[in-house]
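Engineer: Here the sequence shown is numbered in our numbering, starting from 9 and rising by one per residue.
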Amino acid sequence: MGFNVLAGTRAPVRVWTDPYGIEPQAARQLRNIGALPWVQGVAVMPDVHFGKGATVGSVIAMRQAISPAAVGVDIGCGMSAVRTSLTAADLPDDLAGLRRAIEDAIPVGFAQRDNPVDPRRVRGLEQRGWDDFWRRFADLDRRVTQLETRARRQLGTLGGGNHFIEVCLEQGGVSAGRVWLMLHSGSRNIGKELAERHMAVARRLPHNADLPDPDLAVFLTGTLEMDAYRRDLWWAQEYARRNRAVMLAVLMNLMRERFPQVGYDEPISCHHNYVAEEHYEGVDVLVTRKGAIRAGRGDLGIIPGSMGTGSYIVRGKGNEWAYCSASHGAGRRMSRAQAKRTYSTADLAAQTSGVECRKDAGVIDEIPGAYKDITEVMAQQADLVEVVAHLKQVVCVKG
Numbered sequence: 009m010g011f012n013v014l015a016g017t018r019a020p021v022r023v024w025t026d027p028y029g030i031e032p033q034a035a036r037q038l039r040n041i042g043a044l045p046w047v048q049g050v051a052v053m054p055d056v057h058f059g060k061g062a063t064v065g066s067v068i069a070m071r072q073a074i075s076p077a078a079v080g081v082d083i084g085c086g087m088s089a090v091r092t093s094l095t096a097a098d099l100p101d102d103l104a105g106l107r108r109a110i111e112d113a114i115p116v117g118f119a120q121r122d123n124p125v126d127p128r129r130v131r132g133l134e135q136r137g138w139d140d141f142w143r144r145f146a147d148l149d150r151r152v153t154q155l156e157t158r159a160r161r162q163l164g165t166l167g168g169g170n171h172f173i174e175v176c177l178e179q180g181g182v183s184a185g186r187v188w189l190m191l192h193s194g195s196r197n198i199g200k201e202l203a204e205r206h207m208a209v210a211r212r213l214p215h216n217a218d219l220p221d222p223d224l225a226v227f228l229t230g231t232l233e234m235d236a237y238r239r240d241l242w243w244a245q246e247y248a249r250r251n252r253a254v255m256l257a258v259l260m261n262l263m264r265e266r267f268p269q270v271g272y273d274e275p276i277s278c279h280h281n282y283v284a285e286e287h288y289e290g291v292d293v294l295v296t297r298k299g300a301i302r303a304g305r306g307d308l309g310i311i312p313g314s315m316g317t318g319s320y321i322v323r324g325k326g327n328e329w330a331y332c333s334a335s336h337g338a339g340r341r342m343s344r345a346q347a348k349r350t351y352s353t354a355d356l357a358a359q360t361s362g363v364e365c366r367k368d369a370g371v372i373d374e375i376p377g378a379y380k381d382i383t384e385v386m387a388q389q390a391d392l393v394e395v396v397a398h399l400k401q402v403v404c405v406k407g
């Protein structure tokens, strides 16, 4: 499938789904984004839905500007995955013990570690750059100075909401039955705190006074405010990457303890809530992927579905009309509040049949029925990515 163009915008807004199927709130957001004078163009992914600050599933290319609310509060949120040498036959029939072991090893929800992670004590964890990374905490916005201890203790923790850890089985092909490990998390509380402080600053700047939506306030290149935001943004994106790296290493070591014969391929990692400096149509732009992954030619990426439907490992095709991007998941088709009103725990149990996971009222908002059909989403972006592997979860840990 190619793209459609959303009518009525100054900058081109290219859409990889039926534009008439986009919810009205999200369509208004996209038109507001396309009206901003700094926007070079917008690519809209098939998992598009209304979001806080900017539309989830949008890729916003700006000239010398960034909107901190478009990036959002979970700076650097993304995915990591690794294929193991194990097969389904190596796993026990009862997976409850494995789920409990994961929950014991990696704090979830609001939980944090009793003691900060010492990278030297985590087998398989990249050792370079840790001292410099933490040294740069002192350069961050002075209003988060008191949060360093919390940030250190939350490193290597999952968080809540739609963040998860999964054990999956590859579906079909010569590798059918191979076990994968996968997780989804971001920059935890420190990313949120930094984002909220900079969003408040942006809203007060004079050049943002007459925007169609105050949440789209921007910082401009060459200003002290932009310099401060970029410093904190790059650090928070690195925190998110290191957070996932710690959890993946802990998870891999946990599997080594239970399955001594296990081997691992090279891990895959990708942000899907972040900013990158890129070049398109002869112009240097700052690309905000708000619920989208980079899908440059040959790039490996991860596109998860819901907690009962499976996920995809993909390889990018480098489609520059989409700013070399693809969807970050299935995308919600209903809000969390609506999901809680619509579904019961019995529905949750039915829709997650065969998956070892929570099936209580606390995760009804994450029920598969609250999400779009991941197979349709994948079909709509066939010109953006090719499927490398289709995975189906057998264990899902949520916060």
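The beta-carbon is built from N, C-alpha and C at its ideal position, and this holds for glycine as well.
To the nearest angstrom, how far is it from the Cα of Cys332 to the Cα of Pro312?
Structural biologist: 18 Å
Engineer: Mind checking which residues open and close the alpha helix (DSSP H) that includes Leu224?
Structural biologist: In the DSSP assignment, Leu224 falls outside any alpha helix (DSSP H) and carries neither an H nor an E.
Engineer: Starting from Ala51, follow the beta strand (DSSP E) in both directions and report where the run begins and ends.
Structural biologist: Val47 to His57
Engineer: So, under 8 Å CB-CB, His280 and Pro76 are touching, yes? Tell me the CB distance rounded to an integer number of Å.
Structural biologist: Actually they do not touch by this definition, with Cβ atoms about 17 Å apart.
Engineer: Less than 7 Å between C-beta atoms, sequence neighbours within five positions excluded: which residues of the same chain meet that for Gly304?
Structural biologist: Gly324, Gly326 and Cys332
Engineer: At a Cβ threshold of 9 Å, is Ala109 touching chain D?
Structural biologist: Among the protein chains of the structure shown there is no chain D, as only one such chain exists.
Engineer: Over what stretch of residues does the alpha helix (DSSP H) that includes Asn251 continue unbroken?
Structural biologist: Leu232 to Arg266
Engineer: Per DSSP, which residues does Thr92 bridge with? Please list them.
Structural biologist: Tyr272
Engineer: Output the distance between the C-alpha atoms of Val4 and Gly407, rounded to the nearest integer angstrom.
Structural biologist: Nothing can be reported for residue 4, as the shown portion of the chain is limited to 9 through 407.
Engineer: Please determine, among Arg131, Gly61 and Val283, the residue with the shortest C-alpha to C-alpha distance to Met260.
Structural biologist: For Met260, the closest C-alpha among the options Arg131, Gly61 and Val283 is that of Arg131.
Engineer: Of the residues Tyr282, Ser277, Arg91 and Asp391, which one's Cα is nearest the Cα of Glu178?
Structural biologist: Glu178 has its Cα closest to that of Arg91, out of Tyr282, Ser277, Arg91 and Asp391.
Engineer: Going by other Cβ atoms of all chains shown within 10 Å of its Cβ, with 16 needed for buried, is Asn123 buried or exposed?
Structural biologist: exposed
Engineer: Return the first residue and the last residue of the alpha helix (DSSP H) that Asn40 is part of.
Structural biologist: Pro32 to Ala43
Engineer: Of the choices Arg186, Thr296, Ala357 and Leu232, whose alpha-carbon is the least far from that of Leu399?
Structural biologist: Arg186
Engineer: Are three or more beta carbon pairs between the region 86-103 and the region 210-219 nearer than 8 Å?
Structural biologist: no
Engineer: Quick check on His279: does DSSP put it in helix, strand or coil?
Structural biologist: strand
Engineer: According to DSSP, is Pro376 part of a helix, a strand, or is it coil?
Structural biologist: helix
Engineer: Please report the Cβ distance between Leu163 and Asn251, rounded to the nearest whole angstrom; I am assuming they are in contact, meaning their Cβ atoms lie under 8 Å.
Structural biologist: 6 Å
Engineer: Mind reading off the beta-carbon distance from Leu256 to Ile83? Whole number of angstroms is fine, and I expect it under 8 Å.
Structural biologist: With a Cβ gap of about 19 Å, Leu256 and Ile83 do not count as contacting.
Engineer: Considering Cα atoms alone, identify which of Gln154, Leu356, Pro222 and Arg297 is closest to Ile372.
Structural biologist: Leu356
Engineer: Specify the secondary structure class of Pro127 as computed by DSSP and reduced to three states.
Structural biologist: Three-state DSSP puts Pro127 in a helix.
Engineer: Can you find the residues in the same chain that come closer than 7 Å, C-beta to C-beta, to Arg378, ignoring five residues on each side of it along the sequence?
Structural biologist: A small fix is needed here, since residue 378 is Ala in this sequence, not Arg. The answer, listed in chain order, is Arg340, Arg341, Met342 and Ala347.
Engineer: What is the residue span of the alpha helix (DSSP H) that Ala308 lies within?
Structural biologist: Looking at the sequence shown, residue 308 is not Ala but Leu. Here Leu308 belongs to no alpha helix (DSSP H); instead the beta strand (DSSP E) covers Leu308 to Pro312.
Engineer: Under 9 Å, do Ile134 and Phe145 count as touching if we go by C-beta distance?
Structural biologist: In the sequence as presented, Ile is not what sits at residue 134; that position holds Glu. No, Cβ-Cβ distance for Glu134 and Phe145 is not below 9 Å.
Engineer: Determine whether the beta carbon atoms of Arg18 and Ala43 lie at a separation below 9 Å.
Structural biologist: A distance below 9 Å separates the beta carbons of Arg18 and Ala43.
Engineer: Mapping the DSSP letters down to three states, classify Asn170 as helix, strand or coil.
Structural biologist: coil
Engineer: Specify the secondary structure class of His206 as computed by DSSP and reduced to three states.
Structural biologist: helix
Engineer: My assumption, with CB atoms under 8 Å, is that Ala69 sits in contact with Val293. Please give the rounded CB distance.
Structural biologist: 4 Å
Engineer: Should Arg393 and Val363 be called a contact, given that it needs their Cβ atoms to be closer than 9 Å?
Structural biologist: Looking at the sequence shown, residue 393 is not Arg but Val. No; because the gap between Cβ atoms is not below 9 Å, this pair is not in contact.
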